[in-house]
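Worksheet: the structure to be examined is printed underneath.
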Amino acid sequence: MYVSTRERYKWLRFSEDCLYLNVYAPARAPGDPQLPVMVWFPGGAFIVGAASSYEGSDLAAREKVVLVFLQHRLGIFGFLRWRGRTDDSHARGNWGLLDQMAALRWVQENIAAFGGDPGNVTLFGQSAGAMSISGLMMSPPSGLFHRAISQSGTALFRLFITRNPLKVAKKVAHLAGCNHNSTQILVNCLRALSGAKVMRVSNKMRFLQLNFQRDPEEIIWSMSPVVDGVVIPDDPLVLLTQGQVSSVPYLLGVNNLEFNWLLPYIMKFPLNRQAMRKETITKMLWSTHTLLNITKEQVPLVVEEYLDNVNEHDWKMLRNRMMDIVQDATFVYATLQTAHYHRETPMMGICPAGHATTRMKSTCSWILPQEWA
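According to the numbering used here, the sequence shown is numbered sequentially starting from 262.
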C-alpha cells in the first residue's frame, strides 16, 4: 500500500483488506499422492509486497508442487509498536509476523484440499520475506514448516529489527495528529484513523529516503519487527549465539545485484557520471551506516578497501564497487553470519553462481544437503 500512494505508482491499487492467500496447484487425478508445498514470502522492506505480484501456475505445473503466495500487514498496519509506562498491551507490534504464522496454520489445516502434503512444507522468500523466514526459524511456534530457503536476507540484516520502536511510534502519532500524554488515548486515536489516513501518514514517514543533511541515527528506514519477548523472544544474534533455532534443513543464498534497483530510489538521484565520485560514495555510506553492518568509524576504511585502486574518472567502476560495498555490508554479511550459526543444521552455502562482489566471493560455496539432493 505504501508504494501505491506515490505519484508514479498511482496505477497500483492495494487495500488494507489484505489477509488472503493465492494457491496454485497442478491438475491431479483421484488417488494421486500428495505433493510438496512451497510457501512464498514476498520482499519489500516490510512496507510493500503482495501475493498478486506473482503468478505461480507455470512453476506449479512444471515442478509438480503446490505453491502458496502469502501476504501480511505491512508498515504501520503490520509493525507499529507502542509501549506504555507499565505495559505494552496497547500496541504490541509484529502483527505482520503473526499474519505469516496464521497463514502457515491455514496451510497446515487446508492444503490437503489442494493436493498438498501438510507434512512437507518449504518456506522460501526474498529480501524482507527471506528475513521473515530466518526470524521464524527462531520463533517458538513449531511444526508449521519442514524446510526453509532464504533468498537474500536473514534476521541479522539490520532492517529486520526496529531498535527504537518508541521513536518510530511517536513520529507516526505526531504526523497523524494523535499526540497525547495518555498511551491509551493516543493508541485509540490511531485506531480510529481510516485506512486512507494511515496511508497518508505512511507517505509522510518517507521510508527508505536518504538525507545527507540529517544525523543517520535519526533516519527511519522502515517499519519492521521488534523484539517483543513472544514472537521474537530476544535479539536474533542472541538467539543464534545460544542455539535457539529450528533444526529444519535451511538453504541460504544471496541474489546477485540485490540492491541495484533500490539504491537510486534511496539516493534520489541517478547513479551516473556526475554522481559517481568517491566523495559522494563516502557521504552515502556515512548516511546509511545504520542500515549497513559498518560503523561511522569504519566508513573510510571500507572506502579505501573497495575504491583505493579505482580510477576516479571511471564512474562505471566506481558505481559497481559501490554496489559491491552495499551488497556485502548488508545481504552478504548477514547471510555469512547466519550461516555460521546454522552450521550444525542441514543447509547449503552462501552465494549463487555469478555473485559479483570481489571481496566476499572467496567464502562462497554450494553444499547441497544430502536429503535435498
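Backbone N, C-alpha and C define an ideal beta-carbon position, used for all residues, glycine too.
On a predicted model such as this, the values are computed, not experimentally measured, just so you know.
Within 8 Å, strictly: CB atoms of residue i and residue j
{"i": "residue 635", "j": "residue 399", "result": "The shown model of the chain, from 262 to 634, leaves out residue 635, and the question about it has no answer."}
{"i": "residue 307", "j": "residue 386", "result": "no"}
{"i": "residue 590", "j": "residue 553", "result": "yes"}
{"i": "residue 297", "j": "residue 381", "result": "yes"}
{"i": "residue 506", "j": "residue 500", "result": "yes"}
{"i": "residue 337", "j": "residue 433", "result": "yes"}
{"i": "residue 468", "j": "residue 519", "result": "no"}
{"i": "residue 364", "j": "residue 331", "result": "yes"}
{"i": "residue 547", "j": "residue 539", "result": "no"}
{"i": "residue 362", "j": "residue 328", "result": "no"}
{"i": "residue 439", "j": "residue 447", "result": "yes"}
{"i": "residue 580", "j": "residue 545", "result": "no"}
{"i": "residue 295", "j": "residue 417", "result": "no"}
{"i": "residue 289", "j": "residue 376", "result": "yes"}
{"i": "residue 549", "j": "residue 415", "result": "no"}
{"i": "residue 422", "j": "residue 515", "result": "no"}
{"i": "residue 430", "j": "residue 343", "result": "yes"}
Where the beta strand (DSSP E) containing residue i begins and where it ends
{"i": "residue 394", "result": "Premise fails: residue 394 lies in the alpha helix (DSSP H), 389-397, not in any beta strand (DSSP E)."}
{"i": "residue 283", "result": "283-285"}
{"i": "residue 330", "result": "327-330"}
Which listed residue (the options) has its alpha carbon closest to that of residue i
{"i": "residue 340", "options": "449, 480, 352, 565", "result": "352"}
{"i": "residue 389", "options": "294, 420, 330, 327", "result": "420"}
{"i": "residue 462", "options": "451, 470, 471", "result": "451"}
{"i": "residue 466", "options": "486, 494, 435", "result": "435"}
{"i": "residue 490", "options": "570, 603, 317, 396", "result": "396"}
{"i": "residue 355", "options": "334, 370, 369", "result": "334"}
{"i": "residue 411", "options": "405, 482, 391, 423", "result": "391"}
{"i": "residue 309", "options": "409, 460, 370, 402", "result": "460"}
{"i": "residue 358", "options": "569, 457, 394", "result": "394"}
{"i": "residue 601", "options": "564, 541, 571, 504", "result": "504"}
{"i": "residue 471", "options": "422, 458, 542", "result": "542"}
{"i": "residue 479", "options": "568, 374, 551, 570", "result": "551"}
{"i": "residue 494", "options": "305, 379, 402", "result": "402"}
{"i": "residue 314", "options": "287, 343, 283, 325", "result": "283"}
{"i": "residue 409", "options": "594, 512, 568", "result": "512"}
{"i": "residue 502", "options": "305, 279, 604, 369", "result": "604"}
{"i": "residue 566", "options": "586, 576, 481", "result": "586"}
{"i": "residue 482", "options": "360, 424, 444", "result": "424"}
{"i": "residue 280", "options": "312, 325, 486, 569", "result": "312"}
{"i": "residue 287", "options": "326, 293, 437", "result": "326"}
{"i": "residue 316", "options": "285, 582, 304", "result": "285"}
{"i": "residue 594", "options": "573, 445, 582, 555", "result": "555"}
Coarse secondary structure for residue i, derived from DSSP in three states
{"i": "residue 360", "result": "helix"}
{"i": "residue 381", "result": "strand"}
{"i": "residue 449", "result": "helix"}
{"i": "residue 482", "result": "coil"}
{"i": "residue 335", "result": "coil"}
{"i": "residue 513", "result": "strand"}
{"i": "residue 280", "result": "coil"}
{"i": "residue 312", "result": "helix"}
{"i": "residue 307", "result": "coil"}
{"i": "residue 302", "result": "strand"}
{"i": "residue 321", "result": "helix"}
{"i": "residue 352", "result": "strand"}
{"i": "residue 402", "result": "coil"}
{"i": "residue 341", "result": "coil"}
{"i": "residue 552", "result": "coil"}
{"i": "residue 420", "result": "helix"}
{"i": "residue 296", "result": "strand"}
Residue range of the alpha helix (DSSP H) that includes residue i
{"i": "residue 409", "result": "Segment 408-412 is the beta strand (DSSP E) holding residue 409; no alpha helix (DSSP H) there."}
{"i": "residue 466", "result": "456-466"}
{"i": "residue 547", "result": "539-548"}
{"i": "residue 426", "result": "426-437"}
{"i": "residue 471", "result": "First-last for residue 471: undefined, no H or E at that position."}
{"i": "residue 561", "result": "560-568"}
{"i": "residue 500", "result": "497-502"}
Distance cut-off 7 Å: residue i Cβ against heavy atoms of the ligand PLP
{"i": "residue 307", "result": "As for the ligand PLP, it is missing from this structure, which has no ligand bound."}
Task: Complete runs of the alpha helix (DSSP H) confined to the stretch 571-604 [at least 4 residues] - done: 576-588, 594-602
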